[in-house]
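So the sequence lines, in the order shown, correspond to chains A and B. Take any residue in the first sequence, count from 1 to its spot, add 23: that is its number in my numbering. Take any residue in the second sequence, count from 1 to its spot, add 36: that is its number in my numbering. See structure below.
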Amino acid sequence: MTPDQIIFILTAALIISSALMVVTTRNLIHAALWLVAALFGVAILYAVLNAGFFVVVQVVVYIGAIAILFIFAVMLTRREMRDRGPQLRKNWWLAALLGMLAFSGLAFLLINQADINRSAAVIPAGLDTLGALGAALVSPDLYLLPFEVASILLLAALIGAVYLAATRK
Amino acid sequence: MSIPLSWFLILSAALFSIGFFGVLARKNAIAILLGIELMLNAVNINLVAFWRYLDPAKMAGQVFAIIVFAVAAAEVAVGLALIVSVYRRRQTVVADEVDLMKW
Numbered sequence: 024m025t026p027d028q029i030i031f032i033l034t035a036a037l038i039i040s041s042a043l044m045v046v047t048t049r050n051l052i053h054a055a056l057w058l059v060a061a062l063f064g065v066a067i068l069y070a071v072l073n074a075g076f077f078v079v080v081q082v083v084v085y086i087g088a089i090a091i092l093f094i095f096a097v098m099l100t101r102r103e104m105r106d107r108g109p110q111l112r113k114n115w116w117l118a119a120l121l122g123m124l125a126f127s128g129l130a131f132l133l134i135n136q137a138d139i140n141r142s143a144a145v146i147p148a149g150l151d152t153l154g155a156l157g158a159a160l161v162s163p164d165l166y167l168l169p170f171e172v173a174s175i176l177l178l179a180a181l182i183g184a185v186y187l188a189a190t191r192k
Numbered sequence: 037m038s039i040p041l042s043w044f045l046i047l048s049a050a051l052f053s054i055g056f057f058g059v060l061a062r063k064n065a066i067a068i069l070l071g072i073e074l075m076l077n078a079v080n081i082n083l084v085a086f087w088r089y090l091d092p093a094k095m096a097g098q099v100f101a102i103i104v105f106a107v108a109a110a111e112v113a114v115g116l117a118l119i120v121s122v123y124r125r126r127q128t129v130v131a132d133e134v135d136l137m138k139w
């Protein structure tokens, strides 16, 4: 077993156990903190995959903004958070069954694919992946339109969130 | 790098299923959004892994993952604003108790 396989297995264990804590723990602040651990594990996976830009974006956007936003929302709705009663619905076992069914179905489909165990492609020498990504995002032949649509979506979400959460006197 | 592609895909399937369970089983609306975040992260692992394993010179996988990041940020901002707004009016964040439009 090579070092990167060991790193992958440790990271996978971190991600899966934190994700399980996110969906089962009673205290929502703790759930949000476990989400930070899971997101951090995903950032490690991006590093294993040579996607340096995604490591930074994962830490800054997901952990720095989204997880903190969750913690703020939990604190703003504090009175409800006092863990009265169970946090899972009564028929949670049905949800667990469906989750396991989804996982086994996906795993069955995956292991029956041809070429599923392929090893990583060789990154061409001298390929500047970050520069290529930036060029792809602003080149009209490639992904300029999706990029602009995403920025319009973000603007709409920004205005919508301010409108929804603002207090009207 | 000597990790088979299938490892990433199986891990991502597991993460997706855990998030799916969270969405279905949790009562609290904020916890449901936490489950959705796990599912979106599973998708992103897949996209970046396919980029790395198939053709690193083509940026489609990375661009798609960036769009997923933007959509996740927008979804969380609007979702949490809705939950805070509902909490202000109805004093609850339990998804079952927000049933005004349930016939």
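Glycine is no exception: its CB is placed at the ideal position from the N, C-alpha and C atoms.
With which residues is residue i paired in a DSSP beta bridge?
| i | result |
| --- | --- |
| valine 130/B | Asn64/B |
| leucine 111/A | Arg62/B |
Consult DSSP for residue i and reduce its assignment to one of helix, strand or coil.
| i | result |
| --- | --- |
| threonine 100/A | coil |
| leucine 117/A | helix |
| alanine 136/B | One point to set straight first is that residue 136/B is leucine, not alanine, in the sequence displayed. Leucine 136/B falls in the coil class under three-state DSSP. |
| glutamine 136/A | coil |
| valine 59/A | helix |
Using a Cβ cut-off of 7 Å, pull out every chain B residue sitting near residue i, in sequence order please.
| i | result |
| --- | --- |
| arginine 112/A | Ala61, Lys63 |
| aspartate 151/A | Here the premise fails: no neighbours, minimum Cβ distance about 11 Å. |
What does residue i reach in chain B if we use C-beta pairs closer than 9 Å?
| i | result |
| --- | --- |
| arginine 141/A | Pro40, Leu41, Ser42, Tyr89, Leu90 |
| phenylalanine 8/A | Nothing can be reported for residue 8/A, as the shown portion of chain A is limited to 24 through 192. |
Along the chain, where does the alpha helix (DSSP H) containing residue i start, and where does it finish?
| i | result |
| --- | --- |
| leucine 181/A | 167-188 |
| valine 84/A | Element bounds for valine 84/A: n/a, residue is neither H nor E. |
Does the distance between the C-beta of residue i and the nearest non-hydrogen atom of the ligand NAP fall short of 6 Å?
| i | result |
| --- | --- |
| leucine 72/A | Here there are no bound small molecules, and the ligand NAP is not part of this structure. |
Please compile the residues from chain B whose C-beta is within a distance smaller than 8 Å of the C-beta of residue i.
| i | result |
| --- | --- |
| methionine 123/A | Ser53 |
| valine 59/A | Going along chain B, no residue has its Cβ under 8 Å from valine 59/A, so there is no contact; the nearest lies around 11 Å. |
| glycine 87/A | None at all; the shortest Cβ gap to chain B is about 11 Å. |
| alanine 54/A | Ala67, Leu70 |
Residues of chain A with a CB under 7 Å from the CB of residue i: which are they?
| i | result |
| --- | --- |
| valine 184/B | The structure shown does not extend to residue 184/B, since chain B is modelled only from 37 through 139, so no value can be given for it. |
| methionine 75/B | Those within 7 Å of methionine 75/B in chain A number zero; the least Cβ separation is about 10 Å. |
Would you mind stating whether residue i and residue j have Cβ atoms separated by less than 7 Å?
| i | j | result |
| --- | --- | --- |
| leucine 72/A | arginine 124/B | no |
| leucine 177/A | alanine 110/B | yes |
| phenylalanine 105/B | valine 84/A | yes |
| tyrosine 69/A | valine 78/A | yes |
| isoleucine 86/A | threonine 34/A | no |
| isoleucine 39/B | phenylalanine 63/A | no |
| leucine 165/A | alanine 159/A | yes |
| alanine 125/A | isoleucine 46/B | no |
In chain A, which residues lie less than 8 Å from residue i when you measure between Cβ atoms?
| i | result |
| --- | --- |
| leucine 118/B | Leu187 |
Would you mind telling me which residues of chain A sit closer than 9 Å to residue i, beta carbon to beta carbon, in chain order?
| i | result |
| --- | --- |
| valine 99/B | Leu156, Ala159, Leu160, Leu165, Tyr166, Pro169, Phe170 |
Can you pull the chain D residues whose beta carbon is under 7 Å from the beta carbon of residue i, in chain order?
| i | result |
| --- | --- |
| valine 84/A | No chain D appears in the structure shown, which is made up of the protein chains A and B. |
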